[in-house]
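Numbering (our numbering), first residue to last: 1 to 638.
Below is one structure, written out as structure tokens, with a few remarks after it.
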Ligand code: WT7
């Protein structure tokens, strides 16, 4: 049994133990998994020339730890309860035994289609059980999955497929999301016009939309699984063999492929799941994320299934067919743990408490929050109206790169404080540094959040470009992993995440690089240049504000038409989630004499906080500042 902390003093004790001897601490936890061969060393690491290896030379397969290890106890227990988009369609329950069979069967299919250990497989699927089966089947045979959120555009999908040279794409004919019926396969077809590495596409029939099946390349899922054996011997993996790649945005250029490996990720996701959520046998765990994000990887699929939990997998959106859908599903499936993003809470909060109060919600024991800072008002609403004042909230801070939750209360154990991620998990060593990299010790300090010691599920590399990994995470502050977040440690030693300090914005819990959005906008033929900044948004947390300089040819077009066309371009290049909330056309961007865009000024205008613009006289073009302020509908301070 994976050790579970049950008291505050137990937490403090484990935390101290993990500081005093991290290797003994993690080695002890790792003993509770099934290894084909034990590790030689728990940890080898170097943050200067980045390299981290956990459970060195250990051999295992993560799916044997989900299935074979526990099956004698869990065979008939539900693994996945799938709730469809449309409530009139029946929910589906899949037991551990059934899931095991499906995973083995699909693993055999992948092998038959030529997928071998180490090959990359792209998964572009809606929230249907096949998405989890696909991931686990890859892990079973040692193929590396790269799940791409099915809301991303064809261009985004082909970029990701090409970056990691995927051999196979797993997808669906279509995707039901609220009232929408999205033609997923069409997007894949378009993407694959530019992807020469892809040999096969396997398509789940979900919406029965008419699709084009390319002979020799495209296969129906239900046809290829027919008659295929449901037993399969797992591939033996090295502890450090890649488990998956997941692309995420940074402050520069194209999204990068964050690489997670097998053993460390397994140990950390299971341990953090059990301890943060205080999972007990029989609990029903619902994480509302999409499997396209790290939250879906770690706390829909791997963490909970390694712990033998029952998960809810929900296909739809929070507001369909009505704004009480979440609460209806909680009652329907007697959900005990509910884990969602602040943006969803704020959106539902805007409809008042009546939709919540229509449902009992008595099954709930623990509430979770993830993806962005949760404001105090949303925290209180969640606590009082959803949790009825007796469910602890775990505000879990972590990142795609961290693989698992890094700071969070342990449910019901760590005293909570609204908007605080509270304390680090055992094994996590956060430190706060100032802009010169000097450690800020003691309490009541604020600065850049770094981690000074490895933890098992940390990023190993960025796919195909280790230099980029070193530069992004290990060069800003020497000897530390830099998170990109600002943080405050209060008088009690509690941590509060303040948001990104780099050029990354967080829109509805989705991470976006401002450079990425600018590149998309700049690809429009009428655009000369642009600058994108975030601004506080009541529901999304942050909104996207774009300043755009247009070509003179734009004079022949209405500005509103151009705006529409820019939104379309961004949707096509990235996806609808990256569409700016505001597009302001300007004649120039404020620049320093060396030609650098003064984003600080643009941020202030977007925030409507122009009282504190500072000195703008040293700019190359100070005159544009007034124009920008007025163009934003604000008054130039006298
Ligand atoms: C960024 C990581 C981790 C899963 C989802 C997002 C922000 C995440 C919190 C939180 C304040 C948070 C940070 C982080 N973030 N959780 N509880 N409180 N901020 O993963 O897309 O990799 O984004 O999300 O800014 O750096 P991601």
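Note that beta-carbon positions come from the ideal geometry of N, C-alpha and C, so glycine has one too.
All values derive from a computational prediction rather than experimental measurement.
_Just to confirm my understanding: we take residue 566, look at its own chain, exclude 5 residues before and 5 after, and list those with CB closer than 8 Å. What are they?_
Answer for residue 566: 521, 524, 527, 546, 548, 580 and 583, listed in chain order.
*According to DSSP, is residue 450 helix, strand or coil?*
Looking at residue 450 - three-state DSSP - the assignment turns out to be strand.
*Just to confirm, does residue 269 get its C-beta within under 6 Å of one of the non-hydrogen atoms of ligand 1?*
Every heavy atom of ligand 1 is 6 Å or more from the Cβ of residue 269, so no.
_Bridge partner(s) assigned by DSSP for residue 545_ = DSSP, once it has assigned bridges, lists 533 and 582 as partnering residue 545.
*DSSP bridge partner residues for residue 367 (one or two, in chain order)*: Per DSSP, 338 and 393.
*With a 10 Å radius around its C-beta and 16 neighbouring C-beta atoms as the bar for buried, classify residue 45 as buried or exposed.*
Exposed, because fewer than 16 other Cβ atoms sit within 10 Å of the Cβ of residue 45.
_Is residue 421 close to ligand 1? I mean its beta-carbon at under 6 Å from any heavy atom of the ligand._
Yes; taking the cut-off as 6 Å, the Cβ of residue 421 has a heavy atom of ligand 1 nearer than that.
*Is the beta carbon of residue 397 within less than 6 Å of some heavy atom of ligand 1?*
The answer is yes for residue 397.
*List the DSSP bridge partners of residue 121.*
Looking at the DSSP output, residue 121 bridges to 145 and 168.
*asked:* Can you tell me whether residue 418 sits near ligand 1, meaning its C-beta is under 6 Å from at least one heavy atom of the ligand?
replied: Relative to ligand 1, the beta carbon of residue 418 is positioned no closer than 6 Å to any heavy atom.
*With distances taken between CB atoms, is the gap from residue 541 to residue 519 smaller than 7 Å?*
In this structure, residue 519 does not lie closer than 7 Å to residue 541 by Cβ.
*Can the beta-carbon of residue 119 be found less than 7 Å from the beta-carbon of residue 59?*
With respect to the 7 Å criterion, residue 119 and residue 59 are not classified as neighbours on the basis of their beta carbons.
*Quick one: Cα of residue 389 to Cα of residue 83, how far?*
Between residue 389 and residue 83, the alpha-carbon positions lie close to 27 Å from each other.
*Quick one, which of 400, 87 and 434 has its alpha-carbon nearest residue 249's?*
Nearest to residue 249 by alpha-carbon distance, out of 400, 87 and 434, is 400.
*Segments assigned beta strand (DSSP E), at least 3 residues, entirely inside the region 551–621*: Fully enclosed beta strand (DSSP E) runs of no fewer than 3 residues occupy 582–586 of the region 551–621, in order along the chain.
_According to DSSP, residues forming a beta bridge with residue 238_ = DSSP output for residue 238 lists 59 as bridge partner(s).
*Taking only the alpha-carbon atoms, compute the straight-line gap between residue 529 and residue 397 and give it to the nearest angstrom.*
Each residue's Cα considered, the two are about 35 Å apart.
*Would a C-beta distance cut-off of 7 Å place residue 451 and residue 440 closer than the cut-off?*
No, they are not a contact pair.
*Can you tell which of 124, 81, 140 and 92 has its C-alpha closest to the C-alpha of residue 100?*
Of 124, 81, 140 and 92, the residue nearest in Cα terms is 140.
*Specify the secondary structure class of residue 414 as computed by DSSP and reduced to three states.*
In the three-state reduction of the DSSP assignment, residue 414 falls in the coil class.
_Other residues of its chain near residue 335: CB distance less than 8 Å, five sequence neighbours each side excluded_ = Once the five neighbours on either side are set aside, the close Cβ partners of residue 335 are 284, 285, 286, 312, 329, 363 and 364.
*Would you be able to state if there are at least three C-beta pairs under 8 Å between the region 131–150 and the region 557–565?*
Three or more beta-carbon pairs separated by less than 8 Å are not found between the region 557–565 and the region 131–150, which leaves the two stretches without contact.
*Own chain partners of residue 179 with C-beta closer than 6 Å, once the 5 adjacent residues on each side are dropped*: Cβ neighbours of residue 179 beyond the five flanking positions: none.
_As a quick exercise: from 56, 79, 87 and 35, pick the residue whose alpha carbon is nearest that of residue 65._
Nearest to residue 65 by alpha-carbon distance, out of 56, 79, 87 and 35, is 35.
*Would the C-beta of residue 428 count as close to ligand 1, meaning under 6 Å from any of its heavy atoms?*
Between ligand 1 and the CB of residue 428, the shortest heavy atom gap is not smaller than 6 Å.
*Using beta-carbon positions only, say whether residue 382 and residue 345 come within less than 7 Å of one another.*
It is a contact, given that the beta carbons lie within the stated cut-off.
_Run of the beta strand (DSSP E) containing residue 486, from where it starts to where it stops_ = Counting along the chain, the beta strand (DSSP E) containing residue 486 begins and ends at 481–489.
*Could you pull out every unbroken beta strand (DSSP E) segment of at least 3 residues lying fully inside the region 178–257, listed in chain order?*
Runs found: 180–182, 200–204, 218–220 and 242–248.
*Cβ-based burial, residue 117 [other Cβ within 10 Å; buried from 16]*: So residue 117 ends up on the exposed side.
*Whose CA, out of 554, 158, 510 and 551, lies closest to the CA of residue 539?*
The candidate whose alpha carbon is nearest that of residue 539 is 510.
*Pairwise C-alpha distance: residue 17 and residue 370*: The C-alpha of residue 17 is placed about 27 Å away from the C-alpha of residue 370.
*Taking DSSP as the reference, what is the three-state secondary structure of residue 499?*
In the structure shown, residue 499 sits in a strand (DSSP, three-state: E or B).
*Thinking C-alpha only, which one of 21, 465, 449 and 338 is nearest residue 436?*
Among 21, 465, 449 and 338, the Cα nearest to that of residue 436 belongs to 449.
*Provide the residue span of the beta strand (DSSP E) that contains residue 329, from first to last.*
Note, residue 329: premise wrong, no beta strand (DSSP E); alpha helix (DSSP H) at 325–333.
*Just reading off the beta strand (DSSP E) that residue 430 is part of, what are its end residues?*
Going by DSSP, residue 430 is part of the beta strand (DSSP E) stretching over 430–433.
*Quick one: is residue 645 buried, meaning 16 or more other Cβ sit within 10 Å of its Cβ, or exposed?*
Residue 645 cannot be examined here, being either before or after the span of the chain that is shown, 1 to 638.
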